[in-house]
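First up is the structure itself, then whatever we jot down about it.
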Amino acid sequence: MRITITKGEREDRIEAVRADGSCVRTSFPHKGPVPHDAVHFYVESTLAIPDAFWGMVARGEDPEAIAAIAKAAGHASAARAAVPDESVIRLVQAERAVECFEADLWSGGDSGPELIRDLIAAGCAQSLVAPLELSDEAIATIRSRLCDLLGRWSAAAEGDHLRLEWELAA
């Protein structure tokens, strides 16, 4: 699947062209120094998670519907303390990892790998799912990719594109 993220003034746009030729487009407000869904890409592709956000989009889900799918499957939150359905566990695990890597990037990216694992484990515990297994090498790879993304995205002008290729099959 070819993913294009276009930098906007107040919001960025995503276009994903799936292997079958179908296309989905959406926009999202700026949430930090890099696009949140790009962080999903780097976390999910590095950790080879084919059935989280980008894998669901590749299989035909609309990006805007994924939060509702997770909620309907029992994704736990502060207001809904229930074990989520198996169908969304990898999605929830990936989201908790993405949040931790975003926080790490925003704070300078110098947290030790054990702290990253501990934060992901705490987020997963709160969401009532097992934590992801992350090696020091995987953490270093994700950080390196996000650091590169931060440099490129910060230098990008409005209308510039980030092109990514999703190759994992569920």
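The numbering used here applies: residue 1 is where the sequence shown begins, and numbers increase by one.
Just so you know, even glycine gets a beta-carbon here, dropped at the ideal spot from N, CA and C.
Query, Result
"Separation of L146 from L132, as counted between CA atoms", "19 Å"
"Residues that G23 bridges to, as DSSP identifies them", "For the record, residue 23 in the displayed sequence is Cys; it is not Gly. For C23, which the question treats as bridged, DSSP gives the partners V17."
"Top-ranked residue by Cα proximity to I120, from A94, P63, P33, E137", "A94"
"Terminal residues of the beta strand (DSSP E) in which H161 lies", "161-165"
"Residue(s) in a DSSP beta bridge with F28", "D12"
"Exposure label - R174; buried when at least 16 CB within 10 Å", "As displayed, the chain neither begins before 1 nor continues past 170, which places residue 174 out of reach and without an answer."
"I173, DSSP secondary structure in three states", "Nothing in the structure corresponds to residue 173, since the chain is present only between 1 and 170."
"C-alpha gap between V92 and A52, whole angstroms", "8 Å"
"C-alpha gap between F40 and M56, whole angstroms", "It should be noted that the sequence gives His, not Phe, for residue 40. Distance between the alpha carbons of H40 and M56 is about 12 Å."
"Unbroken alpha helix (DSSP H) run spanning I49, endpoints", "That residue, I49, is in no alpha helix (DSSP H); it is neither H nor E in DSSP."
"Burial state of S154, where buried means 16 or more other Cβ atoms lie within 10 Å", "exposed"
"Spatially closest choice to W106 from R143, P50, E137, by CA coordinates", "R143"
"CB of E9 within 8 Å of CB of S27, strictly", "no"
"Top-ranked residue by Cα proximity to A82, from D104, S135, S127", "S127"
"Sequence-distant residues of its chain with Cβ nearer than 7 Å to E15 (five each side left out)", "T4, C23, R25"
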